[in-house]
Each structure stands twice: as structure tokens, then as C-alpha cells.
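Have a look at the structure below before the remarks.
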Amino acid sequence: MSEVEAEPQRPSLVDLAWTFNHIALASFGGGLSAWSREVLVLEKEWMGEAEFLSAMTMCRILPGANQVNMAVFAGSKMRGLPGALAAVFGLCLLPVVLIMVMGFFYFRFKEVPAVKGVLHGASAAAVALTLAMVIQTGRKCLTGLVPVLLFLAAFVLNGLARWPLPLVLLLVAPLSLIWAWPRERSA
Amino acid sequence: MIHIYLQLAGLFASLSLLSIGGGNAVLPEMHLQAVRGHHWMTNSQFADIFSISQTAPGPSILIVTLVGYGAGLTVGGVPGAIIGGVIATVAMIVPAASLMYVVTLFWQKAQKAKWRVAVEKGFAPLTVGLIMATSLVMSRAADHDWRAYLLTAICTAIFVFTKTNPLIVVGAAGVIGYFGVV
Chain A
-17 MSEVEAEPQR PSLVDLAWTF NHIALASFGG GLSAWSREVL VLEKEWMGEA
33 EFLSAMTMCR ILPGANQVNM AVFAGSKMRG LPGALAAVFG LCLLPVVLIM
83 VMGFFYFRFK EVPAVKGVLH GASAAAVALT LAMVIQTGRK CLTGLVPVLL
133 FLAAFVLNGL ARWPLPLVLL LVAPLSLIWA WPRERSA
Chain B
164 MIHIYLQLAG LFASLSLLSI GGGNAVLPEM HLQAVRGHHW MTNSQFADIF
214 SISQTAPGPS ILIVTLVGYG AGLTVGGVPG AIIGGVIATV AMIVPAASLM
264 YVVTLFWQKA QKAKWRVAVE KGFAPLTVGL IMATSLVMSR AADHDWRAYL
314 LTAICTAIFV FTKTNPLIVV GAAGVIGYFG VV
């Protein structure tokens, strides 16, 4: 649309579906958001860091699973409505099949083949990937007192005090927007 | 049978638009409807499918697939269960995804709008804080002890300081977990 923004190469629908399938399957043990950034921002370069982070919060504010929303965002950014459909389809198809297989075992035999240990270990690495994302993205955007305070407010209220997300956003999001609103006479 | 499918579609289509902050926000209501309202499954079955859905890859919302599966199973055996799972999943995804699509359209049109500039710049620190909260909640939910925290610390250092493919690290951590070290 705009010529100012560098137009990323438009992936095919198959590429979109395949990429989101890859993100979904890599996230066994968790860390789906970190995997999304790993693939969408670093590997494929379909969106910039700032756009990805702000899209993530929009995905959280709006109803629906964050990752499905991110697939809609990225898919429609790259290829419009068909792109969104392809991304969501890619994200969900194999996980839905897998979880139904697990459901089959559960409802038939009352247990799922033992994968607990593997998942426990993998989840430690998934947490690490998420923390690494905090460090890598934090380096770029926590560059002053106000952004660090906004970061701390979100972490402490949501992570330590366990306030519900809507309440945290109601408090912190307006402050963030006021801070970031572009001013006419910027120095 | 059709009756149950309609109930599934209706329930999840409405929960879809209520799931602000993700699927876990509507979990209590989902539990109430599936266990007490419609008697699709027992209380402990619901708890079990919740933990199954947490361990499976993909979006965390997929517990709805298993609620649909369980509901379909009560009337149609395994084929009925599969149809139920698909209906529940589609019903949960489509309304919220459509809303997200409309918002994305506005976002794309607002390349230079002040509100978009403010959102991109202002939401970044806030989001990083929320992600850090997520990683804390994740390791608590997975019931990690000091060995798991140590593994997390080592993996974090690998991710930050090297360019190792994350899949190799996650896979290796899975192997370590398989042998019961963490």
C-alpha cells in the first residue's frame, strides 16, 4: 500500500499455512508467542519487532486465543482474507488432529501414553525461549525511565499480583498511549 | 444428535466473543455448561482434558476440541465425537477471528495514523512486561523445581548468546525430561 514501508515479499498461501503449522508444532511444551516471534520476525521477517509486539497486545485485548488472532493478523497482512484463512488453518489443523488422537486414548483407555517427562523438560526450555524474548525485545524498547516503569507495572500487576489482564490493561494501556502519542513539537 | 451439535455450536460461538484475554477467561463458564448444564462429561474428566489440552502443541484454546469430542462421544461414538470436536473448534474460532480480521483491516489502512504510531510505540514495553509475567506463570503451572529453573537459566543463556536453533534446545530439554532429570 504505502511506498514508504518496505514491502515484504508476499508468501504464498501454502507458505503461510506451512509456516503457522511449523510454529504450532514447534511449541510443544509451550512458548507459542516466543515461537511466533522467532519465525515471523526473525526468520521470515514478515513484520518488524514493534509491529509484532503491539499486534500481540491487540491480540490479547480482542477476544479469542492470542495465537489464532496473531495468525489472522499476519495472514491478512500478507495475503488478505485468504491469507488469514490459510494461516489459521495451518495453525490449527495438525494440533486439532493430535489432540483428538490424545482424546481418543483418554476417553477409551482413561490415560494418555506417557509423555509427561518429555513435556516437563520441554516446558523448561519453552519458558527459557519466552524469557529470551523478553531480554531481546526489552533491549530494544526499554530505553528510558517511562518504558521501564510501564514494563514493570505490567509484569508486577499481571505476573506477581495476578490481577486479571483486562484490569491491568485498563490501567497501563492508557498511560502507555499517552506516553507514546506523537507530539507535534518534538525536540 | 443434531441437537447436541447445535448446542456445541451455540455455546462455543458465544464463548468465542467473550474470551477476552484468551481461552482461559471462559474456562469456568465452559466447565459449568459442559459438566452441570449439559452433562457431556464428569468433573474429573473435564479436569483431565484440561491438562491434556495444556500439554498438546498449538493454541491453548483447543480444550474446546475435547469438550466437543466428549459431547459427540455420548451420542455418536468415535465418528460422532470427531464431528463434535470439529464443530466445537470451528465455532470457537470463527467469531473471534472475524472480529480480529476487521480490526486488522483498520490497522492496515492506518499506516500513518497517530493512534497506530502510539500503539506501536506505547504497547511494546507493556507487552514485554506481560510476556515476562507469562513466563513466570508458565513455570509455576508446570510445577518447576530448582533443577527445572536451572535448566531454564541455561537454555535462556543459549538462546540469548548463541544462534542455536531453538528446536534443538527444546528437543534436548525434552530428552533430559524423559530421563527424569528435571
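Keeping their order, the protein sequence lines are chains A and B.
Using the working numbering, you'd call the opening residue of the first sequence number -17 and step up by one each time.
Using the working numbering, you'd call the opening residue of the second sequence number 164 and step up by one each time.
Glycine included, every Cβ here is placed at the ideal spot set by N, Cα and C.
Please read these numbers as outputs of a predicted model, since none were measured by experiment.
Opening and closing residue of the alpha helix (DSSP H) in which S298 of chain B lies: First-last of the alpha helix (DSSP H) with S298 of chain B: 277 to 304.
*With 9 Å as the C-beta to C-beta threshold (strictly closer), list the residues of the stretch 235 to 250 of chain B near chain A in chain order.*
L236, V241, A244, I245, G248, V249
Query raised in the report: Closest to M204 of chain B by CA distance: which of B:W278, B:M301, B:V227, B:H307 is it?
Result: B:V227
Compare the C-beta of A197 of chain B against all C-beta atoms of chain A and say whether one is closer than 7 Å. Taking Cβ atoms only, chain A never reaches closer than 7 Å to A197 of chain B, which makes this a no.
Report task. Would you verify that the beta carbon of L299 of chain B is, or is not, closer than 7 Å to some beta carbon of chain A? Result -> The beta carbon of L299 of chain B falls within 7 Å of a beta carbon belonging to chain A, placing the residue at that interface.
Could you check if A234 of chain B is buried or exposed, using at least 16 other CB atoms within 10 Å of its CB as the buried criterion?
A234 of chain B comes out buried.
CB contact check: I331 of chain B to chain A, cutoff 7 Å: no
Notebook entry, point to check: Does any residue of chain A bring its CB to less than 7 Å from the CB of M193 of chain B?
Noted result: no
* Would you say the stretch 103 to 114 of chain A touches the stretch 26 to 40 of chain A, given that touching needs at least three Cβ pairs under 8 Å? -> no
Checklist line | Span separating the alpha-carbon of N206 of chain B from that of T237 of chain B | finding: 15 Å
*From the DSSP output, which residues share a beta bridge with P45 of chain A?*
Secondary-structure assignment with DSSP links P45 of chain A through a beta bridge to B:I183.
Worksheet item: For G343 of chain B, is the classification buried or exposed, using 16 other Cβ atoms within 10 angstroms of its Cβ as the cut-off for buried?
Response: exposed
Could you tell me whether the Cβ of W28 of chain A comes closer than 7 Å to any Cβ of chain B? no
request  = State yes or no: is the C-beta of M164 of chain B within less than 7 Å of the C-beta of L44 of chain A?
outcome  = no
Quiz item: Beta carbon of L153 of chain A: closer than 6 Å to some heavy atom of the ligand PLP?
Solution: In the structure shown, the ligand PLP is absent, as is every other ligand, since no ligand is present at all.
With a threshold of 7 Å between beta carbons, is F322 of chain B in contact with chain A?
yes
Check your understanding: Can you find a CB in chain A that lies within less than 7 Å of the CB of K284 of chain B?
Key -> Yes, contact with chain A.
(Q) Which of the three DSSP states is assigned to L124 of chain A in this structure? (A) coil
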